[in-house]
Amino acid sequence: MQKTSPPVCALVSGGLDSAVLVHRLSTTHPRILPVYLRGGLSWEDAELHWLRRFLRAIHMPRLAPLHMAELPLRSLYGAHWSVTGRGIPGARSADAAVYLPGRNALLLTHAAVLAARHRISAIALGILKGNPFGDATPRFFRLIASSLSEALGHPVRIFAPLARSTKVQLIRQASAAGVPLGLTFSCLRPRGLRHCGRCNKCAERRRAFRTAGVPDPTQYVH
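Going by this note's numbering, the first residue of the sequence shown is number 1486, and it counts up by one from there.
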């Protein structure tokens, strides 16, 4: 008898990685609960606009409506660039410059409580190969899943289905599958609803499309 995949809670942001994650999960799992945690970061209005458009466009019957939760970060982050919008890491900044302190720990804790309420045990993130941060490692996911399971009295399993893929590979695969990548958003300093074209994430996005040999559908201001 073929084993049935369990329902899954998917953390989404509207970026390339999590958008492709949701699309892929919708082909393998019977029910996907997409979760967006709003923290008061400077790019979230634009990010949410594109996330909603993406979810409407793929219109997968297995997708539950987007669940929104509030996770205010201003009191924790203070004058951090992600909250103020000032001093955004530019196109030539190192990858480490975009680290958001403890973000995955915060996201997963909130997602686990929500998943337990919906009797869902699996939580998925769109982590890619080469992610340099300590809260994106298999060891971290095992440890926090164990702690959350203990705290909630509910089994929690955290997994990253895209962890063996680079962003270039992801773009190639998603483009071939017809995923509407033009409806994803990866900018730290949006101009209205458009990508600024000058921040760290815009530069990463441009490089990845160029290296993948896939036409970049993104509208950049610069």
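Ideal Cβ placement from N, Cα and C applies to all residues, glycine included.
Span separating the alpha-carbon of residue i from that of residue j
{"i": "S1671", "j": "R1692", "result": "13 Å"}
{"i": "W1535", "j": "W1528", "result": "11 Å"}
{"i": "Q1487", "j": "T1513", "result": "Only weak support is given to the placement of Q1487: the predicted model assigns it a pLDDT of 46, under 50, and the question is left unresolved by the model."}
{"i": "L1637", "j": "L1655", "result": "34 Å"}
{"i": "H1565", "j": "R1683", "result": "19 Å"}
{"i": "R1604", "j": "E1532", "result": "28 Å"}
{"i": "C1687", "j": "H1707", "result": "10 Å"}
{"i": "P1515", "j": "L1540", "result": "16 Å"}
{"i": "P1546", "j": "R1602", "result": "22 Å"}
{"i": "P1586", "j": "T1622", "result": "15 Å"}
{"i": "L1647", "j": "V1653", "result": "12 Å"}
{"i": "D1530", "j": "P1675", "result": "9 Å"}
{"i": "D1713", "j": "S1631", "result": "In this structure the chain extends from 1486 to 1707, so residue 1713 is not present and cannot be described."}
CB-CB length for residue i against residue j, believed under 8 Å
{"i": "L1506", "j": "A1609", "result": "6 Å"}
{"i": "L1496", "j": "S1503", "result": "7 Å"}
{"i": "I1629", "j": "A1590", "result": "7 Å"}
{"i": "D1548", "j": "I1517", "result": "Note on residue identity: the sequence assigns Leu, not Asp, to residue 1548. Confirmed, Cβ separation roughly 5 Å."}
Residue i and residue j closer than 7 Å at C-beta
{"i": "L1668", "j": "A1542", "result": "yes"}
{"i": "A1582", "j": "I1612", "result": "no"}
{"i": "A1554", "j": "L1592", "result": "no"}
{"i": "C1681", "j": "A1596", "result": "no"}
Sequence-distant residues of the same chain with beta carbon closer than 8 Å to residue i, five excluded per side
{"i": "S1660", "result": "L1666, A1697 and V1699"}
{"i": "Y1584", "result": "F1618"}
{"i": "N1685", "result": "I1573, P1574, G1575, A1576, S1578, D1580, A1582, V1583 and L1673"}
{"i": "S1606", "result": "P1491, A1600, H1639, P1640, V1641 and R1642"}
{"i": "V1664", "result": "A1504, V1505, H1508 and I1543"}
{"i": "R1657", "result": "A1697, G1698 and V1699"}
{"i": "Q1704", "result": "R1679 and H1680"}
Host beta strand (DSSP E) of residue i (start-end)
{"i": "I1517", "result": "I1517 to R1523"}
{"i": "I1608", "result": "A1607 to A1609"}
{"i": "A1554", "result": "H1552 to E1555"}
Span of the alpha helix (DSSP H) around residue i
{"i": "R1559", "result": "R1559 to Y1562"}
{"i": "V1493", "result": "Segment V1493 to L1496 is the beta strand (DSSP E) holding V1493; no alpha helix (DSSP H) there."}
{"i": "A1659", "result": "K1652 to A1661"}
{"i": "F1539", "result": "E1529 to I1543"}
{"i": "F1644", "result": "Premise fails: F1644 lies in the beta strand (DSSP E), R1642 to F1644, not in any alpha helix (DSSP H)."}
{"i": "H1595", "result": "R1588 to R1602"}
{"i": "F1618", "result": "Careful: F1618 lies outside any alpha helix (DSSP H) and carries neither H nor E."}
{"i": "C1687", "result": "N1685 to A1697"}
Cβ shell of residue i (< 7 Å), same chain only, five flanking positions each side left out
{"i": "R1649", "result": "K1614"}
{"i": "G1500", "result": "T1669, F1670 and S1671"}
Proximal residues to residue i (C-beta, below 6 Å), its chain only, five neighbours per side dropped
{"i": "L1558", "result": "G1524 and G1525"}
{"i": "R1690", "result": "S1671"}
{"i": "F1626", "result": "I1643"}
{"i": "S1450", "result": "The structure shown has nothing for residue 1450, since the chain only spans 1486 to 1707."}
{"i": "G1570", "result": "S1527"}
{"i": "G1563", "result": "none"}
Cβ-heavy atom distance, residue i to the ligand FAD, below 6 Å
{"i": "L1540", "result": "Summarising the ligand content, the structure contains no ligands, and the ligand FAD is consequently not present."}
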